[in-house]
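J.:
Laid out in structure tokens, this is it:
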């Protein structure tokens with residue numbers, strides 16, 4: 021069972037990431053932001069544990085983060101207006117996605133042959149970079165309010181976060197619609213950084229995977 025799960029680790033992780041990004045198409049906005057999204061993030065962390073099945077040290081770190089997230093989530097159900105709990109939960113997710121992004125990229129980079137699983141890993145790594153951008157932008161907005169122009173006025177923290185999730189991927193893909201723009205120096209530099217990281221990922225990581233795939237096909 022463990023071996024089968026590990027073989028499907030990238031496929032499962034990719035599906036849970038897609039649920040985070042696109043479940044809003046099937047739920048009312050308020051329900052998605054306040055109820056569905058936190059649960060989907062927790063599910064994604066649980067699925068992410070499968071990626072660490074062969075790395076006990078990082079697996080235990082992830083379990084610890086998951087317990088922290090569960091604890092803060094349960095606490096927030098009782099004390100719904102406690103901002104400190106939300107920040108702790110947010111920080112735990114941020115640390116998890118830093119760890120999981122590096123691990124996914126490492127496993128994809130070290131893959132000797134390119135199969136369907138590696139392709140899903142490649143896509144998962146890119147989506148994780150977008151989530152890292154999201155957590156970075158939310159951190160900036162929390163520490164320096166109004167760092168981004170175009171966010172809804174008088175919006176709650178989850179509503180602002182939902183808009184910054186959209187902005188993160190628009191920035192990572194260098195689309196730049198202009199409906200949300202960084203207004204402070206820190207926000208602008210962070211936007212530049214993640215736009216560059218997105219391009220580096222496509223040019224370097226993706227190119228290496230394609231080169232391995234071509235070489236593998238020629239060796240058959």
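In the working numbering, the protein residues as written are 21 to 240.
Don't be surprised by glycine CBs; every beta carbon is placed ideally from N, CA and C.
Residues in the same chain with beta-carbon distance under 7 Å from residue 146, minus the five sequence neighbours each way, listed in chain order, please.
T.: Residues of the same chain with a CB within less than 7 Å of the CB of residue 146, apart from the 5 flanking positions on each side, are 221 in chain order.
J.: Could you give the first and the last residue of the continuous alpha helix (DSSP H) run that contains residue 38?
T.: Per DSSP, the continuous alpha helix (DSSP H) segment holding residue 38 begins and ends at 29-42.
J.: Along the chain, where does the alpha helix (DSSP H) containing residue 184 start, and where does it finish?
T.: 177-192
J.: Find the nearest neighbour of residue 204 within the set 41, 124, 167, 111, judged by alpha-carbon distance.
T.: Ranking 41, 124, 167, 111 by CA distance to the CA of residue 204 puts 167 first.
J.: Exposed or buried, which one is residue 238 when buried takes at least 16 other CB atoms within 10 Å?
T.: exposed
J.: What does a CB cutoff of less than 7 Å around residue 64 pick up in its chain, not counting 5 residues either side in sequence?
T.: 36, 37, 40
J.: What does DSSP give as the partner residue(s) for residue 168 in the beta ladder?
T.: DSSP output for residue 168 lists 202 as bridge partner(s).
J.: Consult DSSP for residue 132 and reduce its assignment to one of helix, strand or coil.
T.: It is coil, neither helix nor strand.
J.: My output table needs one value for residue 143: the three-state DSSP class, helix, strand or coil.
T.: helix
J.: Starting from residue 227 and walking both ways along the alpha helix (DSSP H), at which residues does that stretch end?
T.: 226-239
J.: If you run the structure through DSSP and keep just helix, strand and coil, what is residue 149?
T.: Residue 149: helix per DSSP, three-state reduction.
J.: Does the beta-carbon distance from residue 184 to residue 157 come in below 8 Å?
T.: At a Cβ-Cβ threshold of 8 Å, residue 184 and residue 157 count as neighbours.
J.: In three-state DSSP terms, what is residue 108?
T.: Residue 108: helix per DSSP, three-state reduction.
J.: Between residue 62 and residue 182, how many whole angstroms is the CB-CB distance? I'm expecting something under 8 Å.
T.: Incorrect: roughly 17 Å between the Cβ atoms, too far for contact.
J.: Could you give the DSSP three-state label for residue 196: helix, strand or coil?
T.: coil
J.: Using a threshold of 8 Å, state whether the C-beta atoms of residue 148 and residue 186 are closer than that.
T.: no
J.: Taking residue 68 as the reference, give the member of 45, 229, 201, 28 with the closest Cα.
T.: Nearest option by C-alpha distance: 28.
J.: Would you check if the distance between the CB atom of residue 30 and the CB atom of residue 137 is smaller than 8 Å?
T.: Cβ distance < 8 Å, so residue 30 and residue 137 count as in contact.
J.: By alpha-carbon positions, which one of 139, 83, 115, 26 ends up nearest to residue 233?
T.: 139
J.: Do the CB positions of residue 226 and residue 160 come within less than 8 Å of each other?
T.: 8 Å or more divides the Cβ of residue 226 from the Cβ of residue 160.
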